[in-house]
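Please read the structure below before turning to the comments.
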DNA sequence: AAAAAAC
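Residue numbers (the UniProt record's numbering): 1 to 469.
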């Protein structure tokens, strides 16, 4: 925290950073914050997860607070979800100040937004289309805007927002401070920078640092018909805390999420054809862990920062290397390890290879897990779930399964735990299990995996980042 | 070719 203080950040914000668990500034914060506090324009080549939002958010809030009233800061993002996420982070950074950030995006009731705007948030985080809508209606005026942040500028370019962005920038004062963040710097983005930024500082997080070092990357060669069953197997075996399954189309996302739900997984789909309120709700549930598998199109590929995402499954190979990098970047965040696993059908192997070359990272082949692997994984999960229930004192629901398991378990402590569970009244004191719990259980009908069988699929263990079943 | 984004 001393290092944050040394950057010249005010006490209220330091206090908020403390509460948010920030310890040391990331490279982009260390370099960017002083430059921005000085008032310079900035081009930042970095992704989220590098602490980018705080890098512009801290100076933004510092600057804004001295001039209460009108809209003084604008952040533009390519997707609606990102607008919500960035606004939330800004509000956390500014929680001990009088500064408020409001997300403004399409698909949400505009009257509701107009009402919220009457409370005069100093910062607006918006997708371009809806912001333009408000500008035309006169419900947002940008004359007093002192800082404009273009977040994920290359993606906004891809989505055809460049003209909107130019128009928005032209509406604001030339005195404004302009920040442009982009993972890549294609020609049109360079032109934009040249036209609208004045003598910008350049901060580049090198390519090596852009690819996420803590994400283990694997692929599995598989045919299309097997994909769903194998996904279920993997979910059982690897038991992710939270996971994202990326599909190629909206339709595909619907199919996979429905099928997962039918099999009893806690999954929800998200894509651009859903109503915005549904999208907001799904993402909220996912963040809270109410839903633990998010099935998504590339709408969720960029910038989304959800803590606890231990696994990303590319159910379908992404179209381009850029999309691949963004998708797998949803895990391995904030220094936590993550696993990215990509399903590849044989004719796509070459495409996978080109992704490998572009990202300059080896994607390791992983064999399809056997049925025995799956059975064992499933049982381990069931036992773990059961034991959690025992700890929490909710026995009734698991009674039947527990009785079944009693005949299968070869571990004395598991047996004892389950016995306790079955003999306790449902309202009695929960059993506290403190001993190390063995997780191996005997498989059905003596159908053990032969000792010479391959046993290879790594399971992610966040504690030590080692790979084993 | 698909996805995203304003009504």
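In this text, a Cβ means the ideal position worked out from N, Cα and C, and glycines have one as well.
Alpha-carbon spacing of residue i relative to residue j, whole angstroms
i	j	result
residue 338	residue 241	10 angstroms
residue 514	residue 196	For the chain, the structure presents residues 1 to 469; residue 514 sits outside this window and is missing.
residue 181	residue 43	6 angstroms
residue 228	residue 256	7 angstroms
residue 432	residue 329	Any reading at residue 432 is ruled out, since the residue's pLDDT is 30, under 50, leaving its predicted position unreliable.
residue 138	residue 364	54 angstroms
residue 253	residue 267	11 angstroms
residue 131	residue 286	27 angstroms
residue 300	residue 78	11 angstroms
residue 238	residue 40	47 angstroms
residue 448	residue 373	For residue 448, the pLDDT reaches just 24, beneath the cut-off of 50, and the residue's location in the model is therefore unreliable, although a value from the coordinates is still provided. Each residue's Cα considered, the two are about 10 angstroms apart.
residue 366	residue 344	11 angstroms
residue 369	residue 217	16 angstroms
residue 57	residue 186	25 angstroms
residue 71	residue 284	27 angstroms
residue 342	residue 135	43 angstroms
residue 289	residue 317	26 angstroms
residue 93	residue 25	14 angstroms
residue 164	residue 127	10 angstroms
residue 351	residue 83	32 angstroms
residue 87	residue 235	32 angstroms
residue 15	residue 96	8 angstroms
residue 310	residue 304	14 angstroms
residue 133	residue 314	36 angstroms
residue 4	residue 60	15 angstroms
residue 475	residue 331	The displayed coordinates of the chain run from 1 to 469. Any statement about residue 475 would go beyond what the structure contains.
residue 260	residue 109	31 angstroms
residue 17	residue 7	13 angstroms
residue 1	residue 27	14 angstroms
residue 177	residue 117	23 angstroms
residue 85	residue 302	12 angstroms
residue 507	residue 38	There is no way to answer for residue 507, as the model of the chain reaches only from 1 to 469.
residue 226	residue 291	24 angstroms
residue 278	residue 340	27 angstroms
residue 353	residue 140	48 angstroms
residue 190	residue 333	29 angstroms
Top-ranked residue by Cα proximity to residue i, from the options
i	options	result
residue 125	229, 149, 26	149
residue 347	239, 220, 366	220
residue 22	46, 82, 215, 50	50
residue 33	202, 350, 230, 343	202
residue 263	123, 129, 92, 232	232
residue 175	145, 152, 200	145
residue 90	107, 55, 108	55
residue 102	74, 96, 129	74
residue 147	129, 162, 169	169
residue 184	280, 153, 11	153
residue 98	119, 6, 85	119
residue 53	179, 281, 121	179
residue 20	307, 259, 6, 60	307
residue 478	230, 259, 258, 273	A question about residue 478 goes unanswered here, because the residues of the chain that appear run from 1 up to 469.
residue 349	223, 279, 104	223
residue 129	291, 117, 162	162
Cβ distance (whole Å) where residue i is taken to contact residue j below 8 angstroms
i	j	result
residue 171	residue 192	That pair is no contact at about 15 angstroms.
residue 336	residue 214	7 angstroms
residue 9	residue 62	7 angstroms
residue 490	residue 45	The chain is shown only over 1 to 469; residue 490 falls outside these bounds and no answer can be derived.
residue 64	residue 123	6 angstroms
residue 151	residue 76	6 angstroms
residue 275	residue 107	7 angstroms
One or two residues paired with residue i in a DSSP bridge
i	result
residue 365	219
residue 313	245, 341
residue 74	124, 148
residue 179	42, 149
residue 262	DSSP, once it has assigned bridges, lists no residue as partnering residue 262.
residue 142	Answer is none; residue 142 lacks a bridge partner.
residue 294	244, 268
residue 204	45
residue 103	125
Stretch pair the region 289-296 + the region 242-253: three plus CB contacts closer than 8 angstroms: yes
Meets three-Cβ-pair contact criterion under 8 angstroms: the region 155-169 and the region 107-115: no
Segment contact, 8 angstroms Cβ cut-off, at least three pairs: the region 343-363 with the region 321-328: yes
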